[in-house]
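S.K.: Protein chains in written order, with the working numbering: chain R, 1 to 304; chain D, 305 to 608. Think of the CB as a built atom: it goes at the ideal place given N, C-alpha and C, for glycine as much as any other residue. Bear in mind the structure is a predicted one, so any value in this text is a computation, not a measurement.
2 protein chains.
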Amino acid sequence: MNPSLPKQVQIVEVGPRDGLQNEPTAIPTEVKVAFIERLVQAGLTQVEVSSFVHPWAVPQLADAEEVLRGVPRAAGVTYSALVPNQKGFERALLAGIKRIAVFTGATDSFTRKNINMSVEESLETFRPIVREAAAKGVTVRGYLSVCFVCPYEGEVPKARVRELTERLLELGVNQVAISDTLGAAAPSDIQETLGMVLKAVPPDLLALHLHDTYGTALANVYAGLQLGIETFDASAGGLGGCPYAPGASGNLATEDFVYMMNRMGIETGVDLAKLAEASNLVAGALGRELPSRNWRRLQGATGK
Amino acid sequence: MNPSLPKQVQIVEVGPRDGLQNEPTAIPTEVKVAFIERLVQAGLTQVEVSSFVHPWAVPQLADAEEVLRGVPRAAGVTYSALVPNQKGFERALLAGIKRIAVFTGATDSFTRKNINMSVEESLETFRPIVREAAAKGVTVRGYLSVCFVCPYEGEVPKARVRELTERLLELGVNQVAISDTLGAAAPSDIQETLGMVLKAVPPDLLALHLHDTYGTALANVYAGLQLGIETFDASAGGLGGCPYAPGASGNLATEDFVYMMNRMGIETGVDLAKLAEASNLVAGALGRELPSRNWRRLQGATGK
Numbered sequence: 001m002n003p004s005l006p007k008q009v010q011i012v013e014v015g016p017r018d019g020l021q022n023e024p025t026a027i028p029t030e031v032k033v034a035f036i037e038r039l040v041q042a043g044l045t046q047v048e049v050s051s052f053v054h055p056w057a058v059p060q061l062a063d064a065e066e067v068l069r070g071v072p073r074a075a076g077v078t079y080s081a082l083v084p085n086q087k088g089f090e091r092a093l094l095a096g097i098k099r100i101a102v103f104t105g106a107t108d109s110f111t112r113k114n115i116n117m118s119v120e121e122s123l124e125t126f127r128p129i130v131r132e133a134a135a136k137g138v139t140v141r142g143y144l145s146v147c148f149v150c151p152y153e154g155e156v157p158k159a160r161v162r163e164l165t166e167r168l169l170e171l172g173v174n175q176v177a178i179s180d181t182l183g184a185a186a187p188s189d190i191q192e193t194l195g196m197v198l199k200a201v202p203p204d205l206l207a208l209h210l211h212d213t214y215g216t217a218l219a220n221v222y223a224g225l226q227l228g229i230e231t232f233d234a235s236a237g238g239l240g241g242c243p244y245a246p247g248a249s250g251n252l253a254t255e256d257f258v259y260m261m262n263r264m265g266i267e268t269g270v271d272l273a274k275l276a277e278a279s280n281l282v283a284g285a286l287g288r289e290l291p292s293r294n295w296r297r298l299q300g301a302t303g304k
Numbered sequence: 305m306n307p308s309l310p311k312q313v314q315i316v317e318v319g320p321r322d323g324l325q326n327e328p329t330a331i332p333t334e335v336k337v338a339f340i341e342r343l344v345q346a347g348l349t350q351v352e353v354s355s356f357v358h359p360w361a362v363p364q365l366a367d368a369e370e371v372l373r374g375v376p377r378a379a380g381v382t383y384s385a386l387v388p389n390q391k392g393f394e395r396a397l398l399a400g401i402k403r404i405a406v407f408t409g410a411t412d413s414f415t416r417k418n419i420n421m422s423v424e425e426s427l428e429t430f431r432p433i434v435r436e437a438a439a440k441g442v443t444v445r446g447y448l449s450v451c452f453v454c455p456y457e458g459e460v461p462k463a464r465v466r467e468l469t470e471r472l473l474e475l476g477v478n479q480v481a482i483s484d485t486l487g488a489a490a491p492s493d494i495q496e497t498l499g500m501v502l503k504a505v506p507p508d509l510l511a512l513h514l515h516d517t518y519g520t521a522l523a524n525v526y527a528g529l530q531l532g533i534e535t536f537d538a539s540a541g542g543l544g545g546c547p548y549a550p551g552a553s554g555n556l557a558t559e560d561f562v563y564m565m566n567r568m569g570i571e572t573g574v575d576l577a578k579l580a581e582a583s584n585l586v587a588g589a590l591g592r593e594l595p596s597r598n599w600r601r602l603q604g605a606t607g608k
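1. Relative to the C-alpha of D/Ala410, which residue among D/Ile482, D/Thr520, D/Arg373 is closest?
2. By the three-class DSSP mapping on this structure, what secondary structure does D/Ser596 have?
3. Looking at C-alpha atoms only, which residue of D/Phe414, D/Pro461, D/Val465, D/Val316 is the closest neighbour of D/Pro455?
4. Take the Cβ of R/Pro246 as the centre, count every other Cβ of all protein chains shown within 10 Å, and call the residue buried at 16 or more, exposed below.
5. Strictly under 7 Å for the Cβ-Cβ distance: is R/Asp180 near chain D by that measure?
6. At 8 Å on the CB atoms, spell out the chain D contacts of R/Val221, in chain order.
7. Would you list, in chain order, the members of the region 182 to 206 of chain R that have their beta-carbon closer than 8 Å to a beta-carbon of chain D?
8. Compare the C-alpha of R/Ala64 against each of R/Arg17, R/Ile129, R/Ile11, R/Arg288 and name the closest.
9. Just verifying my parser: in three-state terms, what is the DSSP assignment at D/Thr382?
10. Among R/Ser4, R/Val47, R/Val67, R/Val40, which residue has its Cα nearest to the Cα of R/Gly15?
11. Check D/Tyr447 in the structure and name its three-state DSSP category.
12. Note down, in chain order, every chain R residue with its Cβ under 8 Å from the Cβ of D/Asp537.
13. For a contact defined as C-beta to C-beta under 8 Å, what are the partners of D/Glu588 on chain R?
14. Using a Cβ-Cβ cutoff of less than 6 Å, which residues in the same chain neighbour D/Thr535 once the five nearest sequence positions on both sides are dropped?
15. I want to verify the contact list: residues of chain R whose CB lies under 9 Å from the CB of D/Asp575, in sequence order.
16. On the DSSP bridge assignment, give the partners of D/Gly458 in chain order.
17. Hey, is D/Val318's beta-carbon within less than 7 Å of any beta-carbon in chain R?
18. Mind checking which residues open and close the beta strand (DSSP E) that includes D/Asp537?
19. For a quick check, are the C-beta atoms of R/Val31 and R/Ala285 less than 7 Å apart?
20. Quick one: residues in its chain with C-beta nearer than 7 Å to the C-beta of D/Leu594, no 5 flanking neighbours on either side, listed in chain order?
21. With distances taken between CB atoms, is the gap from D/Ile331 to D/Phe393 smaller than 7 Å?
22. Counting contacts by CB-CB distance shorter than 7 Å, is R/Arg288 in contact with chain D?
23. Strictly by DSSP, which residues pair up with D/Val480?
24. Can you tell me which of R/Val146, R/Tyr222, R/Val102 puts its alpha carbon nearest to the alpha carbon of R/Arg127?
25. Would you kindly work out how many angstroms separate the C-alpha atoms of D/Ala552 and D/His515, rounded to a whole number?
26. What are the partner residues of R/Ser51, as DSSP defines its beta bridges?
27. Who are the Cβ neighbours of D/Gly374 in its own chain at under 6 Å, not counting the five residues just before and after it?
28. For R/Ala186 and D/Met568, which I take to be in contact (beta-carbon distance under 8 Å), what is that distance rounded to the nearest angstrom?
29. Confirm, please, whether the CB-CB distance from D/Gln325 to D/Leu365 is below 7 Å.
30. In angstroms with no decimal places, state the Cα-to-Cα distance between D/Ser596 and D/Glu559.
31. Does the Cβ-Cβ distance between R/Asp108 and R/Ser122 come in under 7 Å?
32. Drop a sphere of 10 angstroms on the beta-carbon of D/Ala439, count the other beta-carbons inside from all chains shown, and report buried for 16 or more, exposed for fewer.
33. Given that D/Gly569 touches chain C, what residues does it touch there, using C-beta distances under 8 Å?
34. Under a Cβ-count criterion, where at least 16 other Cβ atoms within 10 Å of its own Cβ denotes burial, should R/Asn116 be classed as buried or exposed?
35. Give me the Cα-Cα distance between D/His513 and D/Pro506, rounded to the nearest whole angstrom.
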């Protein structure tokens, strides 16, 4: 194996949040809890379980408190939740969260459409939240969306991604998830944009958050590994696609990521068969197939 | 862009042969001809159109002669066909073929199951064919199957792949398609096995023939590009999967390959939208969706 590749990687499982927030079908709270329980049994240790966004905005995740109450406390397992503003942060604290995620984007247009703030306004909104979180022993990760292509502004300048990554770290987040929100990036994008960010920021402060819309997610993972990235977001079954668009695919599927890492001899700590069983629960509740190639293969193999 | 990556790549379109030979639905000859015509209109210049295998063995391709008669003669376009033995070679010559492909594997078990010969026997069978082809101005490519994982023998020794690649070239083939027949390889496999082959053989004598069963095909393409490979086999729409296995995926989809090359600024000469229209013809005839992410995306976009 290439000696410069990491021997082990971290997975941030975002299926329960980034995956389910895009599903039109409401999943009962007890199914979500059982899903998360099985994800943990499969070996996942970092799970983003929900979002403390206003229930009117994302009704799919209106049960954030109940989900957090239900999930098993297990040694070495960290649950996080997305927090869009002060109000959400207060809910998250009351729910006893130990890790939150804040969300901004590399373009104003995208950030306005998503959280109704400019990028600058979002950073100012997060400043007191991150400060208070630190005082309360809550760690913070920051999502930086549309780091490569923006649906409104097109190609995103690499220097802007670097600048915003540095500013998020200055605010006090301890990890920035460089996100290919459209799933449009190719390995050359990873090499160029991440390469520029890495001139200013060490790789252990970064995660890659990939979508697989165009089938390039695992190629981008490989490009990221070669640059020293060791933390990858992934979504069980590849949840996160829009089921109305035929064939639209969601986040990088955790199963596909784990398959490739297993084959490359890179440790994830995750049991692929148990992971696929966790995804089965959600596939059953949604009543549809999930996009992950490896989840489908495992379904075929077990005759389910 | 990484200066060491090629500026342009060659695609060997194998959908009409490797794709359709696995489909249980018979495609009418005129649809195959129209499919190939559109592939050429989309910019593909190397198309493997059929196989001169015994019609009883692969009834889907029993019309090899008719297909070759029907396809458009176009400057700069090369049609090839698979030739399993002397009888098939004679049929191919009568049909006026200018390029043939021979097929063996890196393990005896796989090669016996597929062509009922040991690897040694297959090389001896090809020796006079390749010699006669050269005398008649017909060029030959050689498929070397199961270069990474064999369904019967498991992990395939890298040294065996290197040895057989060299022996195929010694026989007189002018290109060896290093094939991940199961689609099980990861970039580390490409790096290790291809890396060993490249110690003995220059990259311009090699092609990578990838399947996307586990979703790793484009990651493997990226690993191949980094090693200097400039020829990749691909199948329009991702044809080649077994439609009986849910979600089973076929060859690397030409659309997915072209998308990633476009995004990386690597020239293919292929128009992605026209390519997807070519695939539409086959999807219509098969009455099913094709696995390519980008084909599906283009279907969604055009509302077809």
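M.R.: On the basis of the coordinates in this document:
1. D/Ile482
2. coil
3. D/Phe414
4. Here R/Pro246 scores only 42 on pLDDT, less than 50, and its place in the model is too uncertain to base an answer on.
5. no
6. Ala523
7. Ala184, Ala185, Ala186, Pro187, Ser188, Asp189, Gln191, Glu192
8. R/Arg17
9. Residue state for D/Thr382 is assigned as strand, using DSSP reduced to three classes.
10. R/Val47
11. strand
12. Near D/Asp537 there are no residues of chain R at all, since even the closest Cβ is about 16 Å away, more than 8 Å.
13. This sequence places Gly at residue 588 of chain D; Glu is not what is there. At a beta-carbon threshold of 8 Å, none of the residues of chain R lie near D/Gly588; the nearest stands roughly 15 Å away.
14. Gln314, Ala511
15. Residues of chain R passing the Cβ test: none, with the nearest at roughly 17 Å.
16. D/Cys454
17. It does not: the Cβ of D/Val318 has no partner Cβ on chain R nearer than 7 Å.
18. 535 to 538
19. For R/Val31 and R/Ala285, yes; Cβs fall inside 7 Å.
20. These residues qualify, in order along the chain: Gly541, Gly542, Leu543, Ser583, Ala587.
21. Against a cut-off of 7 Å, the Cβ pair of D/Phe393 and D/Ile331 comes out as no contact.
22. no
23. Beta-bridge pairing links D/Val480 to D/Gly446, D/Leu510.
24. R/Val102
25. Caution applies to D/Ala552, whose pLDDT of 47 falls short of 50 and renders its modelled position unreliable; the value that the coordinates give is listed next. Their backbone Cα atoms lie some 10 Å apart in a straight line.
26. R/Leu82
27. Val337
28. 5 Å
29. yes
30. 7 Å
31. no
32. exposed
33. In the displayed structure, chain C is absent; the protein chains listed are R and D.
34. exposed
35. 17 Å
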